[in-house]
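Beneath this line is the structure, given in structure tokens, with notes to follow.
There are 4 protein chains.
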Amino acid sequence: MEIHVKKEQPSASGLHPNRARMLISCPDGPGIVAAVSRFLFEHGANIVQSDQYSMDPEGGMFFMRVEFDLDHLDSKLPELERSFREVADSFDMQWNIYHAARKKRLAIFVSKEDHCLVELLWQWQAGDLDADIAMVVSNHLDMKDYVESFGIPYHHIPVTADTKPEAEKRQLEVIGEDIDVIILARYMQIISPAFIEFYRNRIINIHHSFLPAFVGGKPYAQAYNRGVKIIGATAHYVTEELDGGPIIEQDVQRVSHRDDVNELKRIGRTIERVVLARAVKWHIEDRILVHNNKTVVFS
Amino acid sequence: MEIHVKKEQPSASGLHPNRARMLISCPDGPGIVAAVSRFLFEHGANIVQSDQYSMDPEGGMFFMRVEFDLDHLDSKLPELERSFREVADSFDMQWNIYHAARKKRLAIFVSKEDHCLVELLWQWQAGDLDADIAMVVSNHLDMKDYVESFGIPYHHIPVTADTKPEAEKRQLEVIGEDIDVIILARYMQIISPAFIEFYRNRIINIHHSFLPAFVGGKPYAQAYNRGVKIIGATAHYVTEELDGGPIIEQDVQRVSHRDDVNELKRIGRTIERVVLARAVKWHIEDRILVHNNKTVVFS
Amino acid sequence: MEIHVKKEQPSASGLHPNRARMLISCPDGPGIVAAVSRFLFEHGANIVQSDQYSMDPEGGMFFMRVEFDLDHLDSKLPELERSFREVADSFDMQWNIYHAARKKRLAIFVSKEDHCLVELLWQWQAGDLDADIAMVVSNHLDMKDYVESFGIPYHHIPVTADTKPEAEKRQLEVIGEDIDVIILARYMQIISPAFIEFYRNRIINIHHSFLPAFVGGKPYAQAYNRGVKIIGATAHYVTEELDGGPIIEQDVQRVSHRDDVNELKRIGRTIERVVLARAVKWHIEDRILVHNNKTVVFS
Amino acid sequence: MEIHVKKEQPSASGLHPNRARMLISCPDGPGIVAAVSRFLFEHGANIVQSDQYSMDPEGGMFFMRVEFDLDHLDSKLPELERSFREVADSFDMQWNIYHAARKKRLAIFVSKEDHCLVELLWQWQAGDLDADIAMVVSNHLDMKDYVESFGIPYHHIPVTADTKPEAEKRQLEVIGEDIDVIILARYMQIISPAFIEFYRNRIINIHHSFLPAFVGGKPYAQAYNRGVKIIGATAHYVTEELDGGPIIEQDVQRVSHRDDVNELKRIGRTIERVVLARAVKWHIEDRILVHNNKTVVFS
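Residue numbers (UniProt numbering), protein chains in the order written: chain A, 1 to 299; chain B, 1 to 299; chain C, 1 to 299; chain D, 1 to 299.
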């Protein structure tokens, strides 16, 4: 049922077949930028964009993101990575190089609320989400036909208190080996520590409040009861602490005493959609580094 | 040292000598708006602005604010209030009528951080704060000369853990009988329940976070440690629960990983100034009703 | 192809079968609120919400919106309207009473850009847009299958410079007699004065800039060239002056020098969607009054 | 009259005696970042922060800002600049190196509206504006006593249509040789092309609208008449085209039909203050590059 699939748009990744992105975290010290940029220059790469952030010049951490173009990237990348190890070791770096043209593969988890999923599908169709949506996983059947009409596989895996471990085992099976990031698009189940460990800093959740206000369930009801004048949503990486993981993005909107809980939910849906889509975009463009439960976002 | 006092500006209150404002809370039911507006019409008043809010048409509370003009308001107000009691009783109303031309008298409490005080003084000078700043009370001497240069009395009342009860007693003495509202413009002392009771819904505090996130001390350090992407400030009426009173106004601003605690404080100062000033403006214009620890703001 | 139609949601209108909304514009003067509210009370109506705005107490215009409940509204409305004429005439009112439970019928015009249409369809499906989408009219075929999959008729009416008058004639035919409001959801054709006259203050356009900046074509390119730091979108009623009609709603988002024209378009699409949806919502809830090419929005 | 001068705060510049900032614009091409960072590394400098922006990898402009620390910066800077010329020439760079500890000297021009001046003075006192306010120049006497109470010289230079050329000559005399940037803090006179040429990209004006909407006089009245739902302010460098220079910063706030022109002005004053202060802060921290009447702001 391809009627939903609009004409194929040129994706951002497709436009730059030789573009790579490098993410580096290391203890701060002199000469890091110089060493990295010299290395790239000497290997024939042209730096297109480079961002750094130094937590504290005296003794803190240093974070860097470099976008560069390198002719014949595909064939040269393995050698480039091998050579870089020497530079990396001398600065005690944690690092990764990503091939921009290789689209990240997403698995979207959803329960019954559909707005975040619909937004991601819409942005993907519009060519604004430069990734492959490899599958949708849900504990409900509600969105099955809709998702499949885009040609995307839909895995219905019910979850109850009793079947949770089995359900997660089944989820890991359908996810398989080559999913890069899992999006909890209003998926209303707690993820187990073992699952989280497997996808550390690769599970993005949208929480429907301005964290750390209103952790846990029914945040719009909590917000209504507290009488806040602004509500928000928060996209964060999932950790073992409920709604306590590294915050990627937040946004807010003004409300008033006239807005009851249902109206807060209605307003909140648009915030959630926008915030989650931004966080996903930054993740798939390799713009996020995590350190000490906080993110550095080179947006 | 009048050099700070710019040319006298026409105050909003001065422009409408016969303007009154009426605030009403009562259980909802049919005929309230009709009864109030008919009463005012029959007494020769002209409604200039009328706002209502009904929490829930079936069985909730009803809130109303009416601005009206009445010739010879000064002389007629007592009789008007007497006559209104019959209407009010039939709907079980809590109500007040305020004479708009009678400026409210403010006492501003401050400790060492001066930005909120400076903002209020600046808005007052600019004619944007239609009130009398009757005095400034502080547990420190830092702002004495500055405040007195505006011709405003400055009461220095030191507070220590031991002297707190005496200090509050002394504060109540200097405040006297005719202060309408107390502004805690970054006053870093807890107010006792007895004091709060005396000025119920008439003490406005500015808290330097987006409540209910980061209750208590050092909210900017808390925000930095949590890695939020947006910070805020909250103006609220003071209750016995620390930072738990009815929220009047909030605002926020986007921050990033580059902003350390000092930068958050710097950004936050502008938010605090703006939020507190708005809350004070709404209070002195009789735009706020309080119910169940929440505010209805007819802004 | 009903797969898109989620379970039927209770619409707001359905919840209040006896709810009516009254919009009034008239020269300001004493006693208007009292007269209207007394009239409604005496006819057994219960005012649920009432908003007024007085441009200028001395000699300006007065605007009022009243929501009220009246038992057996359906059968009583004609008599109520007849009786109200006397009140209305005495204050020289322009007025309308709308039955809230009668959903407004929308015709959405679209060209090739689909994001605004998709947003309206999504909000409609989610139960957030309390109206009937009676048809989509387009000068292109791109969205035909998509729209029809919702069970909504799609009228493809090509427009060229030569065929414009005929095309408008054909549009008016398919619209017929009972369309309440026309939404130009990125419809890239100028509407003729005759057409506009027929739907005065009932054609809502979304312009992809912060009007009055960047009137006319290619506003994102204009914004890029001017180097603005914030972009926006504007929903307005269509008048004979291009992009010059009464503004209903605007919103903005921060951009930077890093955002090229395509990125501005991408960011702008989300602003456009949100702004247009808000404007449509306010229109169908009878919250907008127009006077002197400006709107009064009782939101 | 030192009563206004609060305890001396450690300025940001004072904290980093060996910090320098380098701004570079040049045609884009391979190896620029590598060349600059290698040059700095080889000269013993430690890069603390580095930002780049490439308009278009194929054939556009490249912009770079580097903050670095260099021991004994004071004595080594002349030699560093000499050596850098070779690098600079090979890439056809326009460039500057600024000593961060050398505070920029500001001349603030003001007419009668005082809010922007007051904000700058307050931020300066609070230690948030890391510059020297060398003088205030005004065509009116209103702010003389106030400004002088801070120990800042106040030059009263009246301007009339007839005396304009002489007045500008007198202004240039009092400014002298060592003013780095001129702030038009609601200075209501047109600056002549000759004067602008002398301080190209060093005169910052605050315009009280969201440019390019409402160029010229009385922008709040223009905004009121157009019925916009959001107002704004714009800080820009002054060029020969009225309100047409490169935009540095903009911000906005929501308004409604209830806000008359005076209320728009009141709301706008806070936007103007914040926007101008941000632009000045970015300028004095050497964060702004200008190209083709647009700014690149590395904020």
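By construction, the Cβ of each residue, glycine as well, lies at the ideal position given by its N, Cα and C atoms.
{"Check": "C26 of chain B versus B:D51, B:M64, B:A45, residue with shortest Cα-Cα distance", "Outcome": "B:M64"}
{"Check": "Residues of the stretch 250-268 of chain A whose Cβ lies closer than 9 Å to any Cβ of chain B, in chain order", "Outcome": "Q250, D251, V252, R254, S256, H257, R258, D260"}
{"Check": "6 Å CB neighbourhood of I182 of chain C in its chain, flanking five on each side removed", "Outcome": "A107, Y199, I203"}
{"Check": "CA nearest to the CA of A221 of chain D, picked from D:S75, D:D69, D:R266", "Outcome": "D:R266"}
{"Check": "Residue-chain proximity (F210 of chain C, chain B), Cβ-Cβ < 9 Å", "Outcome": "no"}
{"Check": "Beta carbon proximity, A134 of chain A to chain B, threshold 9 Å", "Outcome": "no"}
{"Check": "Contact set between the stretch 120-131 of chain A and chain C, restricted to residues whose Cβ is under 7 Å from the partner", "Outcome": "W122, A126, D128"}
{"Check": "Boundaries (first-last residue) of the beta strand (DSSP E) holding I191 of chain A", "Outcome": "No beta strand (DSSP E) holds I191 of chain A; DSSP gives it neither H nor E."}
{"Check": "D145 of chain D in three-state terms, based on DSSP", "Outcome": "helix"}
{"Check": "From C:I248, C:G217, C:D51, C:D286, residue whose alpha carbon lies closest to that of A102 of chain C", "Outcome": "In the sequence as presented, Ala is not what sits at residue 102 of chain C; that position holds Arg. Measuring from the Cα of R102 of chain C, the nearest candidate turns out to be C:D286."}
{"Check": "Coarse secondary structure for V297 of chain C, derived from DSSP in three states", "Outcome": "strand"}
{"Check": "First and last residue of the uninterrupted beta strand (DSSP E) at D130 of chain A", "Outcome": "Unbroken run through D130 of chain A: none, as it is neither H nor E."}
{"Check": "Neighbour-count burial assignment, V5 of chain A, 16 or more Cβ in a 10 Å radius", "Outcome": "The predicted model places V5 of chain A with a pLDDT of 42, which falls under 50 and marks its position as unreliable; any figure quoted below should be read in that light. V5 of chain A should be labelled exposed."}
{"Check": "Collapsed DSSP secondary structure at L89 of chain C in the structure displayed", "Outcome": "At residue 89 of chain C the sequence reads Asp, which differs from the Leu that was named. It is helical."}
{"Check": "Cβ-based neighbour list, K144 of chain B, same chain, cut-off 6 Å, excluding 5 preceding and 5 following", "Outcome": "Y154"}
{"Check": "Chain C contacts from the stretch 45-57 of chain B (Cβ-Cβ distance under 9 Å)", "Outcome": "A45, N46, I47, V48, Q49, S50, D51, Q52, Y53, S54, P57"}
{"Check": "Terminal residues of the alpha helix (DSSP H) in which A20 of chain B lies", "Outcome": "Looking at the DSSP string, A20 of chain B is not in any alpha helix (DSSP H); the run it does join, the beta strand (DSSP E), is 19-27."}
{"Check": "Spatial distance of R82 of chain B from E67 of chain B (CA atoms)", "Outcome": "18 Å"}
{"Check": "Backbone secondary structure at E2 of chain C - three-state DSSP", "Outcome": "Caution applies to E2 of chain C, whose pLDDT of 35 falls short of 50 and renders its modelled position unreliable; the value that the coordinates give is listed next. E2 of chain C falls in the helix class under three-state DSSP."}
{"Check": "Collapsed DSSP secondary structure at N201 of chain C in the structure displayed", "Outcome": "coil"}
{"Check": "S299 of chain C CB to nearest heavy atom of the ligand COA below 8 Å", "Outcome": "With respect to small molecules bound, the structure shown includes none, and the ligand COA cannot be examined in it."}
{"Check": "Minimum Cβ-Cβ distance from H115 of chain B to chain D less than 9 Å", "Outcome": "yes"}
{"Check": "Cα-Cα separation between D28 of chain C and V215 of chain A, rounded to whole angstroms", "Outcome": "50 Å"}
{"Check": "Three-state secondary structure (DSSP) of N46 of chain A", "Outcome": "strand"}
{"Check": "Alpha carbon of F62 of chain C to alpha carbon of I47 of chain B, nearest angstrom", "Outcome": "11 Å"}
{"Check": "Nearest-angstrom Cα separation, counted from N96 of chain B out to R226 of chain D", "Outcome": "38 Å"}
{"Check": "I157 of chain A versus A:A35, A:E148, A:S138, A:D74, residue with shortest Cα-Cα distance", "Outcome": "A:S138"}
{"Check": "Strand pairing of V66 of chain B, partner residues [DSSP]", "Outcome": "B:M22, B:S50"}
{"Check": "Residue-level contact to chain C via CB, V274 of chain A, 9 Å cutoff", "Outcome": "yes"}
{"Check": "CB-CB length for S256 of chain C against W282 of chain C, believed under 8 Å", "Outcome": "No, S256 of chain C and W282 of chain C are not in contact; Cβ-Cβ is about 31 Å, not under 8 Å."}
{"Check": "Buried or exposed by the 16-neighbour rule on C-beta atoms within 10 Å, applied to H72 of chain A", "Outcome": "exposed"}
{"Check": "Chain B contacts made by the stretch 163-181 of chain A, where a contact means CB separation under 7 Å", "Outcome": "none"}
{"Check": "Selected residue, minimal CA-CA separation from G44 of chain A, among A:E173, A:R273, A:N293, A:L80", "Outcome": "A:L80"}
{"Check": "Near-chain A residues of the stretch 22-34 of chain B - C-beta to any C-beta below 9 Å", "Outcome": "none"}
{"Check": "Buried/exposed call for R258 of chain D, threshold 16 Cβ in 10 Å", "Outcome": "exposed"}
{"Check": "is_contact[T295 of chain A, chain B] using C-beta, thresh 9 Å", "Outcome": "yes"}
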